[in-house]
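Chains as they are written, first to last, in UniProt numbering: chain A, 1 to 318; chain B, 1 to 318. Note that beta-carbon positions come from the ideal geometry of N, C-alpha and C, so glycine has one too. All of these numbers come straight from a predicted model, not from anything done at the bench.
Number of protein chains: 2
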Amino acid sequence: MRLVTISDIRAAAALVAPAVLRTPLLPCPWADDDRPLWLKPENLQPVGAFKIRGAFHALARLPEEVRVLGVVAYSSGNHAQAVAYAAKRFGVPAVIVVPDTTPRVKIDATRSHGAEVHTVPVAERESRARYLSHQRGSTLIPPFDHVDVIAGQGTVGLEIAEDLPDVRTVLVPVSGGGLISGVAVAIKALCPDARVIGVEPALAADAAESLRAGRRSSSWSPALRARTIADGLRAEPSELTFAHMRELVDGIVAVSEADIRAAVPWLVHNSRLVAEPSGAVTVAAYLNHRDELPPGRTVAVVSGGNLDPALLSELLAE
Amino acid sequence: MRLVTISDIRAAAALVAPAVLRTPLLPCPWADDDRPLWLKPENLQPVGAFKIRGAFHALARLPEEVRVLGVVAYSSGNHAQAVAYAAKRFGVPAVIVVPDTTPRVKIDATRSHGAEVHTVPVAERESRARYLSHQRGSTLIPPFDHVDVIAGQGTVGLEIAEDLPDVRTVLVPVSGGGLISGVAVAIKALCPDARVIGVEPALAADAAESLRAGRRSSSWSPALRARTIADGLRAEPSELTFAHMRELVDGIVAVSEADIRAAVPWLVHNSRLVAEPSGAVTVAAYLNHRDELPPGRTVAVVSGGNLDPALLSELLAE
């Protein structure tokens, strides 16, 4: 199995530059003195999440005669928007298959980019996407299980390494593992003293269990993982992303639902950022699990900011 | 009267770099096709507002033997936080005089930076600040009526010109006029085809009246201006900032209270940014006064993001 390299990520950075915001590191004046914190606000991307990096890169890497036939994606939401937006930028058709539990704000945003959206039961989304891809001759863009997608997400890590070369800890949300795999490749190549630590909901803590076991765990059913409010963190790593994580990730922190819910208003009031629960888990880890984190300069990746207005109001009222 | 020059602003940019975030321009996928929009999110600065630029620059320009005696500021809030934060960065004492109508969140944030805060009736804030400055031998840092403050705020315009050289319209909130004066100097020097348009609340539309009259208007009492929810836009230009505006600003758009209130949740849901009402007026102008704006690439400066949590919840519920 070929793992992504830092050269892949550097090449991806050049390809995605026209469509991806180079997000700044935001210093947090309210951080610990011995563990200064910067946020990497991927919620400020045009689609509201880091997913635009991998999706745009995957489309950019398709031969033009293939790309023009269109793309298909299945996703819990942000990848859907990202593929739809990338397809619009390239002027090619996109079909998106989303589970019927997806927040409406994400479906509306996907449609607003001109994509054809199919809503299906969560267990059928991959098979439906494969069927549509076959039927139309279009290319399936997987949400994380692809080297081009991982290399695109890795540009987050490349930017962190360029902007804060003496970073000691990078906190990254973990779901399917595309983001943390790419970030870990970049950080380990460029900042060998830094640790890359994943964060996942305690209610969907399959990655930690798998890393402890040394193989992908199968004890976390989709129904179990669906309990967390962090709807973007309910997927499981693939063989490809798990291989990256086993080699490169230093640890996983699990955060409670209460801490995730509190991190959303914390970011609103302290950093003027709107993050979705999945995007706020790294801040939840920083605020509540400091004893599990090494000292030194810390970056928390805030991975996305798409949440239903009603949920945001609910979380702000708690 | 000496006006600020582009050389002053370039020098300021070098001096403020250690403390000021170089904010990115955020493209807005939901903008008009004939008037594409980028946001300049100054609410992401460490103190939550552009004011850090002018305040840090003013302190940086003081001779060290003067700076160590400390600084004094009077402000409706964000300038207070900015001076307190800049003083902490330089390790010198700060005394801040704020009107008793200042939102608690701004007072708490100012104290959290180690400043001594004095709360007084709004009409007394300048006299109290001058008294404290005289009593302690410390330097008064005015919120806008100073070339160093204007040059610092002008770094916002310098960054816009560098990042989007073919910008056609820059929308800037107007209160005392420090921000728009500095931005206009930079934009007119570097992008001579671009227009700089101020935005103010219709309930505090003194700048438009003054520009029409060709002299500073006196028909807007503090009590009248206090009616707007945009608590950062209740000041009036000084002779110095008015001289800049008369020479360099192309027009003023007035926005209603309803449009200001709606712009705050709009930014939350569409751009994942928390802006205070004063910071959201430019987006209110873009959304509701398109017929008053030229076509072409447009930048809206989102000047700040400090608002009481209760007010944010109220605006999100409307």
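Beta-ladder partner(s) of residue i, from DSSP
i	result
Val301 (chain B)	B:Lys40
Arg195 (chain A)	A:Thr169
Glu116 (chain A)	A:Val95
Val68 (chain A)	Partner(s): none; Val68 (chain A) has no beta bridge.
Asp33 (chain A)	Asp33 (chain A) is not bridged to any residue.
Tyr74 (chain B)	B:Val97
Leu233 (chain B)	Answer is none; Leu233 (chain B) lacks a bridge partner.
Leu3 (chain B)	None, per the DSSP bridge assignment.
Thr139 (chain B)	B:Val71
Boundaries of the alpha helix (DSSP H) in which residue i is found, first to last residue
i	result
Glu162 (chain B)	155-163
Ala202 (chain B)	Note, Ala202 (chain B): premise wrong, no alpha helix (DSSP H); not H, not E.
Gly296 (chain B)	Note, Gly296 (chain B): premise wrong, no alpha helix (DSSP H); not H, not E.
Pro277 (chain B)	277-288
Ala317 (chain B)	309-317
Arg10 (chain B)	6-16
Asp100 (chain A)	Segment: none, Asp100 (chain A) is in no alpha helix (DSSP H) and carries neither H nor E.
Ile52 (chain B)	51-61
residue 350 (chain B)	The question about residue 350 (chain B) has no answer here: the residues shown for chain B are numbered 1 through 318.
Ala189 (chain A)	178-190
Glu209 (chain A)	206-213
Thr241 (chain A)	239-248
Leu25 (chain A)	Taken as a continuous stretch (DSSP letters only), Leu25 (chain A) belongs to no alpha helix (DSSP H), as it is neither H nor E.
Ser133 (chain B)	125-136
Leu273 (chain A)	Taken as a continuous stretch (DSSP letters only), Leu273 (chain A) belongs to no alpha helix (DSSP H), as it is neither H nor E.
Leu21 (chain B)	That residue, Leu21 (chain B), is in no alpha helix (DSSP H); it is neither H nor E in DSSP.
Ile225 (chain B)	Per the sequence shown, residue 225 (chain B) should be read as Arg rather than Ile. Start and end: 222-225.
Nearest to residue i (by Cα), restricted to the options the options
i	options	result
Thr228 (chain B)	B:Ala258, B:Asp8, B:Glu64	B:Ala258
Val122 (chain A)	A:His289, A:Ser256, A:Leu315, A:Arg234	A:Arg234
Ala254 (chain B)	B:Ala280, B:Leu140, B:Leu203, B:Gly296	B:Leu203
Arg216 (chain B)	B:Gly176, B:Leu224, B:Ile180	B:Gly176
Gln135 (chain A)	A:Val71, A:Pro192, A:His146, A:Val167	A:Val71
Gln81 (chain A)	A:Pro63, A:Pro103, A:Leu62, A:Val68	A:Pro103
Thr119 (chain B)	B:His113, B:Ser112, B:Arg128	B:Arg128
Pro201 (chain A)	A:Thr139, A:Val174, A:Arg168	A:Val174
Pro192 (chain A)	A:Leu171, A:Pro165, A:Gly198, A:Arg212	A:Pro165
Val68 (chain A)	A:Thr139, A:Phe144, A:Asp163	A:Thr139
Val283 (chain A)	A:Ala19, A:Cys28, A:Arg22	A:Cys28
Asp148 (chain A)	A:Leu179, A:Arg125, A:Met245, A:Gly114	A:Leu179
Val105 (chain B)	B:Val20, B:Leu315, B:Ala317, B:Pro309	B:Pro309
Asn270 (chain A)	B:Arg125, B:Leu267, B:Gly137, B:Asp108	B:Asp108
Val199 (chain A)	A:Ala223, A:Ser221, A:Gln153, A:Val170	A:Val170
Beta carbon proximity, residue i to chain B, threshold 9 Å
i	result
Pro277 (chain A)	no
Asn78 (chain A)	no
Gly48 (chain A)	yes
Tyr74 (chain A)	no
Val264 (chain A)	no
Arg272 (chain A)	yes
Ala317 (chain A)	yes
Pro294 (chain A)	no
Ser238 (chain A)	no
His113 (chain A)	yes
Pro165 (chain A)	no
Delimiting residues of the beta strand (DSSP E) encompassing residue i
i	result
Thr169 (chain B)	169-173
Ile252 (chain A)	251-255
Cβ of residue i within 9 Å of any chain A Cβ
i	result
Tyr85 (chain B)	yes
Val16 (chain B)	no
Trp220 (chain B)	no
residue 365 (chain B)	Lying outside 1 to 318, the shown extent of chain B, residue 365 (chain B) is not represented and no answer is given.
Leu37 (chain B)	no
Pro173 (chain B)	no
Val281 (chain B)	no
Arg297 (chain B)	no
residue 323 (chain B)	Only positions 1 to 318 of chain B appear in this structure, which leaves residue 323 (chain B) out of reach.
Pro142 (chain B)	no
Ala155 (chain B)	One point to set straight first is that residue 155 (chain B) is Thr, not Ala, in the sequence displayed. No, because no Cβ of chain A sits closer than 9 Å to the Cβ of Thr155 (chain B).
Val92 (chain B)	no
Thr139 (chain B)	no
Thr169 (chain B)	no
Thr23 (chain B)	yes
Asn306 (chain B)	yes
Leu211 (chain B)	no
Val268 (chain B)	yes
CB contact check: residue i to chain C, cutoff 9 Å
i	result
Leu3 (chain A)	In the structure shown, chain C cannot be found, because the protein chains are A and B.
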